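Okay, so here's the structure we're looking at.
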Amino acid sequence: MDEFEKYMRENEELFNNDEPAEGHEARFLHKLKQADEKKAKSAVDFWRVAAAIILLLVLAASVLIPRFNSPQDVQYSSMSLSDVSEDMANVELYYKSKLAAEYEKIDDLSKTDPLVKAYLDEIDTLNEEYQNLEATLYKSGTHDKVVLAMIENFRLRLALMEKLEAKKLNKTNIDSL
């Protein structure tokens with residue numbers, strides 16, 4: 001690189017003899033200004049497009065989210081006995097605790113036994129019917145027939161579980177003989 005620098009210094013007059021053409025500087029500054037304007041314009045266009053996309057996303061979210069997460073559908077599509085009165089809340093608590101205790105007792109039963117499977121299927125059907133009754137209670141208000149049907153549903157499920165528990169005990173007693 002030293003030789004190149006040396007050559008340039010020695011022959012400086014060969015390189016510095018041309019002057020730019022007239023108007024060259026003005027044309028150069030004009031082109032520079034146009035390039036700056038294009039950059040500024042493209043940046044503004046970019047931000048306009050980005051703002052439009054964000055606006056569309058916000059609008060779409062504000063329209064779609066309530067449809068999928070409607071509080072009316074999620075929280076208030078059913079009504080339990082505890083919503084009727086304090087007495088009914090106590091009745092519901094009593095039956096739910098009894099049912100939970102019975103579930104624990106029959107949990108270890110063989111699910112392959114046809115008799116056990118039939119009982120469990122019937123209990124599942126009653127559970128589904130109870131959920132339908134909760135929805136009906138919500139729609140019809142605190143209608144006495146619906147409340148009585150819900151209590152009867154609890155009784156039937158509890159009776160089925162107790163029968164299943166008794167059959168389990170009988171089978172255990174027979175097996176131990």
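Mapping of the sequence shown onto my numbering: residues 1 to 177, in sequence order. Ideal Cβ placement from N, Cα and C applies to all residues, glycine included. Computed from a predicted structure; not experimentally measured.
So, with DSSP's three-state summary, where would you put residue 78? coil
Are the beta-carbon atoms belonging to residue 168 and residue 115 less than 8 Å from one another? no
Cβ-based burial, residue 163 [other Cβ within 10 Å; buried from 16]: exposed
Are the CB atoms of residue 122 and residue 160 nearer to each other than 8 Å? It is a contact, given that the beta carbons lie within the stated cut-off.
Determine the contact status of residue 146 and residue 156, defining contact as a CB-CB distance below 8 Å. With contacts defined as CB atoms closer than 8 Å, residue 146 and residue 156 fail to qualify as a contacting pair.
Are the beta-carbon atoms belonging to residue 97 and residue 88 less than 8 Å from one another? no
Please return the same chain residues whose Cβ sits closer than 7 Å to the Cβ of residue 71, not counting the five positions on each side in sequence. Because residue 71 carries a pLDDT of 44, less than 50, the predicted location of this residue cannot be relied on, and the following value inherits that uncertainty. Cβ neighbours of residue 71 within its own chain (closer than 7 Å, five residues either side excluded): none.
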